[in-house]
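Asker:
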Amino acid sequence: MRVWPGQPYPLGASYDGIGTNFSIFSEVAERVELCLFRNGEEIRVELPEVDGYCWHGYLPDIGAGERYGFRVYGPWAPEHGLRCNPAKLLLDPYAKAIEGAVEWDEAVFPYRFDDPDTPDERDSAPFVPRSVVVNPYFDWGNDHPPRTPLHKTVIYETHVKGFTIRHPEIPEEIRGTYAALAHPRSIEYLQKLGVTAVELLPVHQFIHDWHLVQRGLRNYWGYNSIGYFAPHNEYSSGDQIGRQVQEFKQMVKALHEAGIEVILDVVYNHTAEGNHLGPMLSFKGIDNPAYYRLVPDDPRFYMDYTGTGNSLNMRHPHVLQLIMDSLRYWILEMHVDGFRFDLAATLARELHDVDRLSAFFDLIQQDPVVSQVKLIAEPWDVGEGGYQVGNFPTLWSEWNGKYRDAVRDYWRGGEATVGELAYRLTGSSDLYAASGRRPFASINFVTAHDGFTLADLVSYNEKHNEANGEDNRDGESYNRSWNCGVEGPTDDPAILALRQRQRRNFLATLFLSQGVPMLLGGDEIGRTQRGNNNAYCQDNEISWYDWEHADETLLEFTRWLIQFRAEHPVFRRRRWFQGQPIHGEGVADIEWFTPDGVRMRGADWQTASLRSLGVFLNGEGIHAPDEHGERVVDDSFYLLFNAHDEPLPFTLPAEACGSSWVLVLDTSQPLPEAEGKVYRAGEELVAQAHSLVVLRCTD
């Protein structure tokens, strides 16, 4: 087979319409073979050139759909961190598509089970996936990113498969795929709900862990990446020979036409190859010490800041290049609109400590492509000093774990003070203002994929992860919620009513807070995981959306909240509250009151027993212009929070409004009333136990 020298860049397989250039980085390799698979046979071609540790060659007549892999020849010296083993077929780190899955045979591992220091010489090719050459051409038409401003963004965290696999109005043959998410029924649902972005759990090619497969389970969430350029092949409705790439692009195009952005949950902190006893699928056999953080005193072992066995080596320039190339590829070629970085604190580790000015963040800051999309950090990892909420650079928004904890604590009657709640309701200025960030740096959430659903949050005190096969030891053990006194399913109408009210409290708090709300997909229809708060391995009805039993009333309530937020910019300000009178006189942009209608004093904020709060939002106090430069003026609102077990009278303060208020929302009721009751300033309003009330100033 003819092979020409080709070019060292771009890395990966690049099809130009005539042939394909292959390039792979390895500093430790002594030679590299390209392996092509045709009609059940393997054809090996030695790459003829190496420049700057990039081994490359160009093969004419090799086109889209070609299956390939690499074999890397080099030293086997685990005690020095070197693990080359040419008996193992390796995926291309830059593969744009991947065919097949891992079949868990002993040959997949680079060492002999009876002697981990001795290389296993059995061929792994029959048991591992293949990289696929793809055709990069796609008709995007007039596709353009919606570019929804962050302060107008509403994120819907969902799963490609789980969202549609049981949807009765989507053709059965495409359910659970990219095509199903792009189906008109899916898009219509998202539009009617009012969300502006879907945040997809990992769609980078991932594998199903050996220990899960042994227990008859699968990696449902997908936080086990092995291909940072390849859309996961199991979510394709057709073949896996590049079809998944075209189908993913079509999904993005359809969502963009509906004004919905696509944000990817990405896992650049570790790979599916695990620790020193893990399989050899790609990076480990290409250049182990370049790609992974190894223990300095004993490089046989891996640094593990993620709890998964390994951590990518963000100090190495080729690893940084890999990640930046991947991010740019998904933006430029796949047209995605942003990323949520899993365990992002790991990416910041230069030596050991988390450094917010690490090379990775410097690269993001100066990159003209990546710096322009939505960047969201999960600001923690499992290493020492890994909880970094509030410490990411100015371009970034963060999952605000303190928001989640404060809101849960408040509504369950925990020990958090109303002062803590006030910070979270107003965008968490204590975390973000000092670094020059705005309220939309805070991604607010009450529930997320890695925990209880909203329905379970108010129904279970204890986790029920027995189906995971780990004797219920996995998952977060502490439930910061309130379960209405009865554990699990119940037919008691009073208990069910209280649980429904708590769901409405959490949802209303989320969508009336400053910052960017993130709704866990399915919470709006009452999705339950039966108390499982770590359903990462439940690729079944525990995790999938149950559309047949959707809570239509709760769905209508959620739609109303999202629409209400969209109509009133006072709930999605671009700048911080100042707590000062507007134009130097009159009422401040925000005021805080006790139930007696008296302004809060210093001591009130630290009273743990105070479970009630009145918040006045001045619609004339939105002093920042909108993105078009126009001055924003809105209605003024008064929010009453009552987390007590009994009804509580609130006196409506006269100085915060003119003379009257109209009831807009009362979470003690299933749905807002079309014509709310009118109250006079100075009058008492009784807020029911465990309820949130919203009033609008009418004059």
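Residue numbers (this note's numbering): 490 to 1188. Where is the CB? At the ideal position from N, CA and C, for every residue including glycine.
If you compare alpha carbons, which of Glu867, Asp1035, Arg1016, Val1005 is closest to Ile1051?
Answerer: Looking up residue 1051 in the sequence shown gives position 562. Ranking the options by Cα distance to Ile1051, first place goes to Val1005.
Asker: Where does Asn708 fall in DSSP's three states?
Answerer: Counted from its first residue, the sequence shown places residue 708 at position 219. Correct three-state label for Asn708: coil.
Asker: Return the chain-ordered ranges of every beta strand (DSSP E) run that is complete within the stretch 970-1036 and spans a minimum of 3 residues.
Answerer: With a minimum length of 3 residues, the continuous beta strand (DSSP E) runs that stay inside the stretch 970-1036 are 1005-1009.
Asker: Taking only the alpha-carbon atoms, compute the straight-line gap between Arg520 and Leu943 and give it to the nearest angstrom.
Answerer: Locating residue 520 in the sequence shown gives position 31, counting from the first residue. Locating residue 943 in the sequence shown gives position 454, counting from the first residue. Using only the alpha carbons, I get a separation of about 54 Å.
Asker: Within 8 Å, do at least three Cβ pairs link the stretch 1034-1052 to the stretch 1080-1094?
Answerer: The stretch 1080-1094 vs the stretch 1034-1052: no contact.
Asker: Taking the straight line between their C-alpha atoms, what separation do you get for Met792 and Asn713?
Answerer: As a position in the sequence shown, residue 792 is number 303, starting the count at 1. As a position in the sequence shown, residue 713 is number 224, starting the count at 1. So the two alpha carbons sit approximately 17 Å from each other.
Asker: Please return the same chain residues whose Cβ sits closer than 6 Å to the Cβ of Thr607, not counting the five positions on each side in sequence.
Answerer: As a first step, residue 607 must be located in the sequence shown, where it is residue number 118. Cβ neighbours of Thr607 beyond the five flanking positions: Arg601.
Asker: Report all residues from its chain with a CB closer than 6 Å to the CB of Ser931; omit the five preceding and five following residues, and keep chain order.
Answerer: For the purposes of this step, residue 931 is taken as the residue at position 442 of the sequence shown. Taken in chain order, the residues that qualify are Asn889, Gly916, Ser917, Gly1004.
Asker: On a CA-only basis, which of Asn802, Asp728, Tyr949 is nearest His759? Give me that one, please.
Answerer: Position 270 of the sequence shown holds residue 759. That would be Asn802, whose Cα lies nearest to the Cα of His759.
Asker: State the CB to CB distance for the pair Trp1150 and Tyr1127, rounded to an integer number of angstroms; the pair is presumed to be in contact (CB under 8 Å).
Answerer: Stepping through the sequence shown from its first residue, residue 1150 is reached at position 661. Stepping through the sequence shown from its first residue, residue 1127 is reached at position 638. Confirmed, Cβ separation roughly 6 Å.
Asker: Please state if the CB of Met740 and the CB of Leu809 are separated by a distance shorter than 8 Å.
Answerer: Indexing the sequence shown from 1 puts residue 809 at position 320. Indexing the sequence shown from 1 puts residue 740 at position 251. Not a contact, by the Cβ cut-off of 8 Å.
Asker: Candidates Asp963, Asn957, Thr642: which alpha carbon is nearest Asn1029's?
Answerer: Stepping through the sequence shown from its first residue, residue 1029 is reached at position 540. Nearest option by C-alpha distance: Asn957.
Asker: Give, in chain order, every unbroken run of the beta strand (DSSP E) that is at least 3 residues long and sits entirely within the stretch 566-604.
Answerer: Counting only runs of 3 or more, we get 586-588.
Asker: Could you pull the start and end residues of the alpha helix (DSSP H) that Met814 belongs to?
Answerer: Within the sequence shown, residue 814 is the residue found at index 325, counting from 1. For the record, residue 814 in the displayed sequence is Asp; it is not Met. Asp814 -> alpha helix (DSSP H) spans 806-821.
Asker: Pick helix, strand or coil for Val1122, following the three-state DSSP scheme.
Answerer: Counted from its first residue, the sequence shown places residue 1122 at position 633. Val1122: coil per DSSP, three-state reduction.
Asker: Within a Cβ cutoff of 6 Å, which residues of the same chain sit near Val756, ignoring the five residues on either side of it in sequence?
Answerer: In the sequence shown, residue 756 corresponds to position 267, counting from 1. Around Val756: Pro691, Tyr712, Ser714, Asp831.
Asker: Put Glu1080 into one of helix, strand or coil per three-state DSSP.
Answerer: Start at 1 with the first residue of the sequence shown, and residue 1080 comes out as number 591. Glu1080: strand per DSSP, three-state reduction.
Asker: Alpha carbon to alpha carbon, how far is Asp1078 from Cys1186?
Answerer: In the sequence shown, the residue the question calls residue 1078 occupies position 589. In the sequence shown, the residue the question calls residue 1186 occupies position 697. In a straight line, the C-alpha of Asp1078 is about 14 Å away from that of Cys1186.
Asker: May I ask which residues mark the beginning and end of the alpha helix (DSSP H) holding Asp919?
Answerer: Residue numbering aside, residue 919 sits at position 430 when the sequence shown is read from its first letter. Start and end: 918-921.
Asker: Would you mind reading off the limits of the beta strand (DSSP E) that contains Ala1132?
Answerer: Position 643 of the sequence shown, counting from 1, holds the residue named residue 1132. First-last for Ala1132: undefined, no H or E at that position.
Asker: Straight-line CA distance for Val947 to Asp981?
Answerer: Locating residue 947 in the sequence shown gives position 458, counting from the first residue. Locating residue 981 in the sequence shown gives position 492, counting from the first residue. About 14 Å.
Asker: Going by DSSP, which residues form a beta bridge with Ser503?
Answerer: Counting from one through the sequence shown, the residue named residue 503 turns up at place 14. In DSSP, Ser503 forms a bridge with Asn510.
Asker: Specify the secondary structure class of His672 as computed by DSSP and reduced to three states.
Answerer: Position 183 of the sequence shown, counted from the first residue, corresponds to residue 672. Three-state result, His672: coil.
Asker: Could you tell me which of Leu1102, Ser1002, Thr1140 sits nearest to Val643, measuring between CA atoms?
Answerer: In the sequence shown, residue 643 corresponds to position 154, counting from 1. Looking at the Cα atoms, Ser1002 is the closest of the given residues.
Asker: Below 8 Å on the Cβ atoms is my guess for Thr1140 versus Gly1171; work out the distance and round it to an integer in Å.
Answerer: Position 651 of the sequence shown holds residue 1140. Position 682 of the sequence shown holds residue 1171. Indeed they touch by this definition, with Cβ atoms about 7 Å apart.
Asker: Let's see if you can read the secondary structure: which residues bound the alpha helix (DSSP H) around Thr647?
Answerer: Against the sequence shown, residue 647 aligns to sequence position 158. Premise fails: Thr647 lies in the beta strand (DSSP E), 644-647, not in any alpha helix (DSSP H).
Asker: Report the rounded CA-to-CA distance for Ala837 versus Val561, giving the unit in angstroms.
Answerer: As a position in the sequence shown, residue 837 is number 348, starting the count at 1. As a position in the sequence shown, residue 561 is number 72, starting the count at 1. Approximately 30 Å, taken between the alpha carbons.
Asker: Would you check if there are 3 or more beta carbon pairs closer than 8 Å linking the stretch 586-600 to the stretch 644-663?
Answerer: The stretch 586-600, when compared against the stretch 644-663, does not touch it at the 8 Å Cβ threshold.
Asker: Counting along the chain, where does the beta strand (DSSP E) carrying Leu801 start and finish?
Answerer: The residue labelled residue 801 in the question sits at position 312 within the sequence shown. Segment: none, Leu801 is in no beta strand (DSSP E) and carries neither H nor E.
Asker: On the three-state DSSP scale, how would you describe Ser1148?
Answerer: Working through the sequence shown from its first residue, we reach residue 1148 at position 659. Coil at Ser1148, not helix or strand.
Asker: In three-state terms, what does DSSP make of Leu884?
Answerer: Counting from 1 along the sequence shown, the entry for residue 884 is found at position 395. Coil at Leu884, not helix or strand.
Asker: With respect to the beta strand (DSSP E) encompassing Val935, which residues constitute its N-terminal and C-terminal limits?
Answerer: For the purposes of this step, residue 935 is taken as residue 446 along the sequence shown, with counting starting at 1. Counting along the chain, Val935 falls outside any beta strand (DSSP E), and DSSP gives it neither H nor E.
Asker: So what does Arg1185 bridge to, in DSSP terms?
Answerer: Along the sequence shown, read from residue 1 onward, the residue named residue 1185 stands at position 696. Arg1185 pairs with Phe1126, Val1151.
Asker: Quick check on Lys863: does DSSP put it in helix, strand or coil?
Answerer: As a first step, residue 863 must be located in the sequence shown, where it is residue number 374. Three-state DSSP puts Lys863 in a strand.
Asker: Could you say which of Asp1035, Leu811, Gln989, Thr936 lies nearest to Phe1046 if we only look at CA atoms?
Answerer: By 1-based counting over the sequence shown, the position of residue 1046 is 557. Out of Asp1035, Leu811, Gln989, Thr936, Gln989 has the C-alpha closest to the C-alpha of Phe1046.
Asker: Exposed or buried, Ile507, counting other C-beta atoms within 10 Å across all chains shown (16 or more means buried)?
Answerer: Numbered from its first residue, the sequence shown carries residue 507 at position 18. Result: exposed.
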